[in-house]
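One structure is given here, and the rest of the page talks about it.
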């Protein structure tokens, strides 16, 4: 796939939104039973006696999303080594903004969901920004927003993703199985050694990556997080060959697949909320309000407030031609918490009613954040 990034972002945004709408229609129409049956259709992978049998939704959330997490890890590594986060001054403001944008939504959620112990498990749902969808929305404005704002929003979302990955690994893993965990650690150690010895070739890395994923899947940790570990050992490449480095090649290869196939597929199979009477009754409950207000209010307050503090304290500076009105628009777009929000929801709640309430609020909060963010940025002028 060789599509220009700006056009690809727009196509990706259209596909993701179409997937969300299609899922909602399917879950609330005569197709609901078929939609549910496809979710739980058993899929066998492998050869006997080494064969795994899991529902389709597990293969998507734990398998297909591993590729998405590889891309997340590659983007993080690229930006830290040679991109917008390669210096402390460049990284400081978006890092602080990301912290504010994670802390305030979590606090809002906890405050509203505190009476219900099970509901508290969803405290991380409104914390992360959907980097693919947020950048796709920003691309709709074209040259009306400064280039530096895209860099700021991407850096903010990357730090958000770093935090989300750490939180998922620590707080949303199941009971750890000892032997598979040891196997995963050993496999990752071998991958690190190959990287250090400059022997990290595609074939051995691919084989070891599959083994790492299988070990994490059996260990109780989230297998999709294997993607971030895989990205960490992809070589940067020698100096002077950045364009052809394995890191950049991997990013170029995976970016179209993630935006045009993986995230839309994930969205279609996770956004299908059946809007029943019980779901509507829960819209004023702690989970619904916590997620909705966390995304729409918490994100804008946290990101804008933390950025203002960082600039006032001279910890860093805003990108060229970017004003606080632009930052406010970006803070609103940061409230688009679709992919990671749905991913955490699937991990946090076993009760269908709580999961449905969270998913509906993710869609509502993300939609309102997107509309408000685009309206603010459409009226903003560069440098003002």
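Numbering (my numbering), first residue to last: 4 to 387.
Think of the CB as a built atom: it goes at the ideal place given N, C-alpha and C, for glycine as much as any other residue.
Query	Result
Assign residue 208 to one of two classes, buried (16 or more other C-beta atoms within 10 Å of its C-beta) or exposed (fewer than that).	buried
In angstroms with no decimal places, state the Cα-to-Cα distance between residue 226 and residue 130.	21 Å
CA-CA distance, residue 386 and residue 140?	Since pLDDT at residue 386 reaches only 45, below the 50 mark, its modelled position is unreliable, and the value read off the structure follows with that caveat. Using only the alpha carbons, I get a separation of about 21 Å.
Determine the DSSP secondary structure at residue 318, reduced to helix, strand or coil.	coil
Taking the alpha carbon of residue 145 as the point to measure from, which residue in 11, 125 and 356 has its own alpha carbon closest?	11
Smallest Cα separation from residue 388: which of 224, 364, 257 and 239?	No answer is possible for residue 388: the residues shown for the chain start at 4 and end at 387.
May I ask you to verify whether the segment 352–365 touches the segment 375–385, counting CB pairs closer than 8 Å and requiring at least 3?	no
Please work out which residues of its chain come closer than 7 Å, Cβ to Cβ, to residue 295, disregarding the five sequence neighbours upstream and downstream, and give them in chain order.	364, 367 and 368
Suppose only complete runs of 3+ residues qualify. What are the beta strand (DSSP E) ranges in the segment 250–302, listed by chain order?	none
According to DSSP, is residue 54 part of a helix, a strand, or is it coil?	strand
Answer with buried or exposed for residue 108, where buried requires no fewer than 16 other C-beta atoms within 10 angstroms of its C-beta.	buried
Measuring alpha carbon to alpha carbon, tell me which residue in 190, 277 and 92 is nearest residue 318.	92
Using a Cβ-Cβ cut-off of 7 Å (strictly less than) and excluding sequence neighbours within five positions of residue 124, which residues of its own chain qualify?	351 and 352
Nearest CA to the CA of residue 342: which residue from 272, 306 and 379?	272
DSSP has residue 97 in a bridge; who is on the other side?	None, per the DSSP bridge assignment.
Check residue 45 in the structure and name its three-state DSSP category.	strand
Determine the closest residue to residue 314 out of 98, 163 and 206, with distance taken between C-alpha atoms.	98
When DSSP labels each residue in this structure, what does residue 337 get in the three-state scheme?	coil
Candidates 118, 221 and 29: which alpha carbon is nearest residue 56's?	221
Can you name, in chain order, every residue of its own chain whose Cβ lies under 7 Å from the Cβ of residue 381, other than the five neighbours on each side?	144 and 147
Apart from the five residues just before and just after residue 59, which ones in its own chain have a Cβ nearer than 6 Å to its Cβ?	44 and 46
Report the option in 181, 101 and 190 whose CA atom is closest to the CA atom of residue 163.	101
Are at least three pairs of beta-carbons, each pair with one atom in the segment 331–350 and one in the segment 250–260, less than 8 Å apart?	no
What does the Cβ neighbour count give for residue 201, buried or exposed, with the cut at 16 atoms within 10 Å?	exposed
Do residue 337 and residue 159 have their CB atoms nearer than 8 Å?	yes
Tell me which residue opens and which closes the alpha helix (DSSP H) that residue 118 is part of.	Premise fails: residue 118 is in no alpha helix (DSSP H) and is neither H nor E.
Helix, strand or coil, according to DSSP, for residue 325 in the structure here?	coil
Quick one: measure Cβ to Cβ for residue 215 and residue 232, integer angstroms, because I've assumed they're closer than 8 Å.	6 Å
Would you mind listing the alpha helix (DSSP H) stretches within the segment 347–383 that are 4+ residues and don't spill past its ends, in chain order?	355–382
Please state whether DSSP places residue 204 in a helix, a strand or coil.	coil
When burial is assigned at 16 or more other CB atoms within 10 Å of the CB, is residue 30 buried or exposed?	buried
Measure the beta-carbon distance from residue 151 to residue 306 and round it to whole angstroms, keeping in mind my assumption that it falls under 8 Å.	Not really, about 16 Å apart at Cβ, beyond 8 Å.
Is it true that the CB of residue 223 sits closer than 8 Å to the CB of residue 180?	yes
Rounding to the nearest angstrom, what Cα-Cα distance links residue 254 and residue 69 in this structure?	14 Å
For residue 4, which of helix, strand or coil comes out of DSSP?	Because residue 4 sits at a pLDDT of 48, beneath the cut-off of 50, its placement in the model cannot be relied upon, and the point is left open.
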